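Just so you know, the sequence shown maps onto residues 0 to 580 in numbering that gives the first Met the number 0.
As structure tokens, the structure follows; a few thoughts come after it.
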Amino acid sequence: MKITFGIKEDDPRNPGVIADCTGDNAGDSVGPTADGFETYGVTGVALISFIVLAAGMLPGMSDTLKISLQTTLLTWIFVMRVLMVITSVASFYINRAFSQVMYANKDDFDFEQPLSSLVWITSILSIVVTFAVSYFILGPGSWAPAELHSLWFVLAIIISCGTLGAALIPEFTKLFTSPKSAHVAEVVKASREGGASLNILSGLVAGDFSAFWIGMVFLLLMFIAYYVSGYGLSAIMIYPSIFAFGLVAFGFLGMGPVTIAVDSYGPVTDNAQSIYELSLIESIPGIEGEIQHKFGFKPDFEKAKHFLEANDGAGNTFKATAKPVLIGTAVVGATTMIFALILVIQQVLGVTPESILNLLNPYTILGLLAGGAVVYWFTGASTQSVTTGAYRAVEYIKQNIQLDANASQKASTEKSKEVVKICTQYAQKGMLNIFIAIFSFALAFACLSSPRNGNESVALFVSYLISIAIFGLFQAVFMANAGGCWDNAKKVVEVDLQEKGSALHDATIVGDTVGDPFKDTSSVALNPIIKFTTLFGLLAMEIAISPSFRNAAPAVGVVFLLIALFFVWRSFYGMRIPTDK
0 MKITFGIKED
10 DPRNPGVIAD
20 CTGDNAGDSV
30 GPTADGFETY
40 GVTGVALISF
50 IVLAAGMLPG
60 MSDTLKISLQ
70 TTLLTWIFVM
80 RVLMVITSVA
90 SFYINRAFSQ
100 VMYANKDDFD
110 FEQPLSSLVW
120 ITSILSIVVT
130 FAVSYFILGP
140 GSWAPAELHS
150 LWFVLAIIIS
160 CGTLGAALIP
170 EFTKLFTSPK
180 SAHVAEVVKA
190 SREGGASLNI
200 LSGLVAGDFS
210 AFWIGMVFLL
220 LMFIAYYVSG
230 YGLSAIMIYP
240 SIFAFGLVAF
250 GFLGMGPVTI
260 AVDSYGPVTD
270 NAQSIYELSL
280 IESIPGIEGE
290 IQHKFGFKPD
300 FEKAKHFLEA
310 NDGAGNTFKA
320 TAKPVLIGTA
330 VVGATTMIFA
340 LILVIQQVLG
350 VTPESILNLL
360 NPYTILGLLA
370 GGAVVYWFTG
380 ASTQSVTTGA
390 YRAVEYIKQN
400 IQLDANASQK
410 ASTEKSKEVV
420 KICTQYAQKG
430 MLNIFIAIFS
440 FALAFACLSS
450 PRNGNESVAL
460 FVSYLISIAI
470 FGLFQAVFMA
480 NAGGCWDNAK
490 KVVEVDLQEK
500 GSALHDATIV
510 GDTVGDPFKD
520 TSSVALNPII
530 KFTTLFGLLA
540 MEIAISPSFR
550 NAAPAVGVVF
560 LLIALFFVWR
570 SFYGMRIPTD
580 K
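Rendered as structure tokens:
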């Protein structure tokens, strides 16, 4: 609409503005918050399952010691979870006092700085508390079994890898999405000479590079956790490195409240800017005098708009920083859940995991291919639902927008409601297709993995889950950060370069429009897809490998595979933009 009609971004006459505000609330606040809450549950289930299945399961270890180890580790985990919520709240007040001292008397400052300091204060405070409380619960002189007295330091280091990662990953994300970053500057420079096409290409480059570097951060943190787990954890459990990976995810979640808070800052600042434009406050007769009389200051509307736009840029950055943290937590937590499933397979089938879960087993390769295919279908299907819904919304707006001189300048509530309705309907249609397909794929591959003539086929579903997690991580980070880069490239043109309405601005608007389904739909939605598939897959596989169901499992698997493929077909052909007759 901005380009088609030459109107400003939040023009009240555009019925799509209020729908945009609604979408910001849903995509950038409610959605990530629900993801974070879900991740808390899934990671907790993963660690509890693994402790019950692996802790104290060494040959010669008595049942009494096994129960004592499991009870102590579960207590330690729950105490750490509660304390990390407390440290997040405490960090907020510490950061507020610090920000008052640093910025209270400044007329202008970098709005990203208070948010960055909040993340780092929370991380440092959480790490200090982790070591102190771990020593108190597990260390020498505690009521914990003697086998844990020397491991409190090891466990504290491992969980702190995740807590540190929740601060490091936002810093790496800012390298690709902040208005001050080289990649955002590159997108602006490319757009000036090459228009929208080079804008999009440059943003894709930023997304690709961000996936590499954030992947390296995950690699480093998980390697440290793996290395440290070799110092004594093998004396109390089997597969200690997998438990370490779960603790890294748990450490990420220690920063959960702050991660959600800085993520929600984005839609608040975005909608504040929209509400300012919708209010038409500058056109109200006598408003300056009324504000001065009631509140004791003379309003400076130009400065207000500058602050709103600058805050929106900071919000865009921190919306982007939260996504890799939440997605990474889901992936690392899913790893622990997958190995809990492997232990279930080991107990039910009586096989060693190494004998079937290897690259020499063709079912492993097949599962990896299937998982990657599902991730790329999902991103296409979710984007298609956005495309068709947006088409319908634009079609309605073009037919109903009133831009003539005599038309009301205020927003139309009824027309805005209709745009929200159109977008909601297509979101729900797309969600139905996607959920049924994902659900059916999980059941299909679990049942097709049921062992009949040998146990090799169980590798199909395990590698399918691993593939969805790994492919999903990199696809989500790529899409989230490419979208954030495009978004702030537009913000740089508006705030720093003051070139609204120019050809450069039009090019960055196109990139921002492409980035919205990247960062606000497909990338964030991969988070629950990974967790749902893993958690539900654990239950499905337990059923599939049970002796009473094995003979029927392949036929059931084929049926659900056909159902899944039908909804994959429907997710495009049933959601296509209609052709006018």
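Glycine is no exception: its CB is placed at the ideal position from the N, C-alpha and C atoms.
All values reported here derive from a predicted model rather than from experimental measurement.
Could you compute how far the alpha carbon of residue i sits from the alpha carbon of residue j?
{"i": "E417", "j": "D27", "result": "22 Å"}
{"i": "F548", "j": "I542", "result": "7 Å"}
{"i": "K173", "j": "A458", "result": "38 Å"}
{"i": "P113", "j": "I168", "result": "17 Å"}
{"i": "A248", "j": "T423", "result": "33 Å"}
{"i": "F477", "j": "F211", "result": "9 Å"}
{"i": "G288", "j": "S282", "result": "13 Å"}
{"i": "I85", "j": "F97", "result": "18 Å"}
{"i": "E305", "j": "F130", "result": "Here the sequence assigns His to residue 305, which means Glu is not the residue at that position. C-alpha separation (whole angstroms): 44 Å."}
{"i": "N357", "j": "L124", "result": "41 Å"}
{"i": "I544", "j": "V461", "result": "13 Å"}
{"i": "P239", "j": "G253", "result": "21 Å"}
{"i": "S278", "j": "S407", "result": "13 Å"}
{"i": "G573", "j": "T507", "result": "31 Å"}
{"i": "A260", "j": "V88", "result": "11 Å"}
{"i": "V393", "j": "A18", "result": "11 Å"}
Is it buried or exposed, residue i, if we count other Cβ atoms within 10 angstroms and call 16 or more buried?
{"i": "P577", "result": "exposed"}
{"i": "W485", "result": "buried"}
{"i": "S501", "result": "exposed"}
{"i": "K580", "result": "Note that K580 scores a pLDDT of 48, beneath 50, so its modelled location is shaky; the value from the coordinates is reported in the next line. When all chains shown are included, K580 counts as exposed."}
{"i": "W142", "result": "exposed"}
{"i": "P582", "result": "Nothing can be reported for residue 582, as the shown portion of the chain is limited to 0 through 580."}
{"i": "R575", "result": "exposed"}
{"i": "K293", "result": "exposed"}
{"i": "I158", "result": "buried"}
{"i": "S61", "result": "exposed"}
{"i": "L402", "result": "exposed"}
{"i": "G366", "result": "buried"}
{"i": "G327", "result": "buried"}
{"i": "G388", "result": "buried"}
{"i": "Q474", "result": "buried"}
{"i": "T270", "result": "It is worth fixing the name first, because residue 270 is Asn in this sequence and not Thr. Label assigned to N270: buried."}
{"i": "E8", "result": "buried"}
{"i": "T520", "result": "buried"}
{"i": "T63", "result": "exposed"}
{"i": "M236", "result": "buried"}
{"i": "D106", "result": "exposed"}
Would you say residue i and residue j are within 7 Å of each other, going by their C-beta atoms?
{"i": "T162", "j": "S115", "result": "no"}
{"i": "E185", "j": "A313", "result": "no"}
{"i": "T533", "j": "A224", "result": "no"}
{"i": "T335", "j": "G245", "result": "yes"}
{"i": "K490", "j": "P178", "result": "yes"}
{"i": "I280", "j": "V513", "result": "no"}
{"i": "L464", "j": "G35", "result": "no"}
{"i": "S456", "j": "Y362", "result": "yes"}
{"i": "T176", "j": "N487", "result": "yes"}
{"i": "S133", "j": "A155", "result": "yes"}
{"i": "V492", "j": "L503", "result": "yes"}
{"i": "P516", "j": "V374", "result": "no"}
{"i": "L46", "j": "I6", "result": "no"}
{"i": "K322", "j": "S180", "result": "no"}
{"i": "A166", "j": "V118", "result": "yes"}
{"i": "Q69", "j": "G59", "result": "no"}
{"i": "S228", "j": "P144", "result": "no"}
{"i": "A436", "j": "V347", "result": "no"}
{"i": "S449", "j": "A539", "result": "no"}
{"i": "F470", "j": "G371", "result": "yes"}
{"i": "L496", "j": "L340", "result": "no"}
{"i": "D207", "j": "T268", "result": "no"}
{"i": "V555", "j": "C446", "result": "yes"}
{"i": "N432", "j": "S209", "result": "no"}
{"i": "G510", "j": "G255", "result": "no"}
Checking contacts by CB at 7 Å: is residue i closer than that to chain E?
{"i": "M254", "result": "The structure shown contains no chain E; it holds only a single protein chain."}
What residues are listed by DSSP as bridge partners for residue i?
{"i": "A54", "result": "M236"}
Requested in this report: Please list the segments of the alpha helix (DSSP H) lying wholly inside the segment 452-519, counting only runs of 4 or more residues, in order along the chain.
Outcome: For the segment 452-519, whole alpha helix (DSSP H) runs of length 4 or above, ordered along the chain, are 458-494, 502-516.
Query raised in the report: Can you list the alpha helix (DSSP H) stretches of 4 or more residues lying completely in the segment 134-182, in chain order?
Result: With a minimum length of 4 residues, the continuous alpha helix (DSSP H) runs that stay inside the segment 134-182 are 145-148, 151-176.
Query - Minimum length 4: unbroken alpha helix (DSSP H) runs contained in the segment 329-386 - result: 352-355
Query raised in the report: Taking only runs of the beta strand (DSSP E) that begin and end inside the segment 4-43, which ones reach a length of at least 3 residues, in chain order?
Result: none
Requested in this report: Taking only runs that begin and end inside the segment 237-280, name each unbroken alpha helix (DSSP H) of 4 or more residues, in chain order.
Outcome: If one requires a minimum length of 4 residues, the alpha helix (DSSP H) runs lying completely within the segment 237-280 are 239-253, 255-278, in chain order.
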